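In what follows, a single structure is set out as structure tokens and then discussed.
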């Protein structure tokens with residue numbers, strides 16, 4: 002499928018603004034400025050998708066472009082399954098994602114159905130077409146760090162404090178900026194070099210270190226100077242964190258925002 006760009010401006014593409022809105026929401030989710038891997042329809046969270054397949058995406062877009070103001074599109078786990086005649090006050094789109102009867106609600110069964118093209122993992126805002134990028138979690142992440150500061154150190158100001166975390170994807174990518182907003186020196190471990198580069202480019206991340214020793218030197222120096230700084234380190238948190246523990250390195254806050262549901 003061609004590179005996806007969300008429509009902008011005042012020109013209408015669908016038959017009404019009531020259907021233009023979900024169309025733009027869907028395409029914005031998959032815009033390269035927003036999505037983590039738009040070519041795979043993955044928006045964020047390792048495997049959170051906006052549509053089940055490229056064929057399903059094209060069908061959704063075609064339907065939204067022609068949907069009338071008294072019709073409702075039904076989307077089941079990223080695939081359009083029907084259009085109902087409703088009324089102008091009804092929702093234009095109804096979406097249900099990743100639902101399984103509890104007895105069969107296991108990862109093994111979900112992966113089996115996913116491999117057959119019968120479902121998809123929609124995360125929270127990927128499959129519902131309302132993801133707005135890393136900015137959407139920035140405030141909450143900052144408030145979490147600040148609240149941890151109040152509870153454990155008596156102040157929301159984390160100047161002179163250090164944070165160790167992992168994951169620089171669509172959600173975890175908020176952590177370096179949120180940490181520096183709170184005044185901390187932050188070490189962020191990320192296994193994918195493209196994600197480090199993206200956070201550097203968008204200025205959510207300040208610097209990238211060449212090695213663990215280099216990263217520690219930068220973070221410790223910033224904390225000693227009470228200077229906010231975020232440093233990205235290419236590596237697997239499953240290796241880096243135990244190594245830090247072996248060395249006896251201590252951080253004031255330790256967290257993680259890797260996609261545990263999306264194994265390497």
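Residue numbers (this note's numbering): 2 to 265.
All C-beta atoms in this analysis are idealised placements derived from N, C-alpha and C, irrespective of residue type, glycine included.
Note that the structure is predicted; figures quoted are calculated from it, not measured.
- Per DSSP, reduced to three states, the secondary structure at residue 100 is coil, with no helix or strand assignment.
- The DSSP assignment places 194-202, 213-225 as complete runs of the alpha helix (DSSP H) inside the stretch 180-225, in order along the chain (cut-off: 4 residues).
- Counting of Cβ neighbours within 10 angstroms places residue 83 among the exposed residues, the total staying below 16.
- Contact check for residue 259 and residue 167: beta-carbon distance about 5 angstroms, within the 8 angstroms limit, so the pair qualifies.
- When C-alpha distances from residue 209 are compared across 127, 110, 232, the shortest belongs to 232.
- Excluding five sequence positions before and after residue 124, the CB atoms of its chain that fall closer than 6 angstroms to its own CB belong to 46, 49, given in chain order.
- Under the three-state reduction of DSSP, residue 120 is assigned to coil, being neither helix nor strand.
- Counting along the chain, the unbroken alpha helix (DSSP H) around residue 22 starts and ends at 18-30.
- Residue 257 is positioned such that its CB atom lies no closer than 8 angstroms to that of residue 239.
- Spatial neighbours of residue 216 in its own chain (CB-CB distance under 7 angstroms, excluding positions within 5 residues in sequence) are listed in chain order as 188, 210, 232, 234.
- With respect to the 8 angstroms criterion, residue 127 and residue 44 are classified as neighbours on the basis of their beta carbons.
- By the CB criterion at 8 angstroms, residue 175 and residue 138 fall inside the cutoff.
- Cβ-Cβ distances below 7 angstroms link residue 141 to nothing in the same chain once the five nearest sequence neighbours on each side are left out.
- Bridge partners of residue 86 according to DSSP: 72.
- DSSP, read as helix, strand or coil, puts residue 60 in helix.
- It is roughly 38 angstroms from the alpha-carbon of residue 15 to the alpha-carbon of residue 108.
- Rounded to whole angstroms, the gap between the alpha carbons of residue 193 and residue 81 is 33 angstroms.
- Between residue 39 and residue 31, the beta carbon gap of about 5 angstroms places them in contact (Cβ cut-off 8 angstroms).
- Assignment of residue 256 by DSSP, reduced to helix, strand and coil, places it in the coil class.
- Residue 45 is bridged by DSSP to 49.
- With a threshold of 16 other beta carbon atoms within 10 Å, residue 200 meets it and is buried.
- The alpha-carbon separation between residue 113 and residue 119 amounts to approximately 9 angstroms.
- About 7 angstroms separates the beta carbon of residue 75 from that of residue 85, a gap short enough to meet the 8 angstroms contact definition.
- DSSP places residue 127 in the coil class of the three-state scheme, outside both helix and strand.
- Counting C-beta atoms within 10 angstroms of its own C-beta, residue 207 has 16 or more neighbours from the protein chains shown and is therefore classed as buried.
- In the displayed model, residue 113 falls within a helix according to three-state DSSP.
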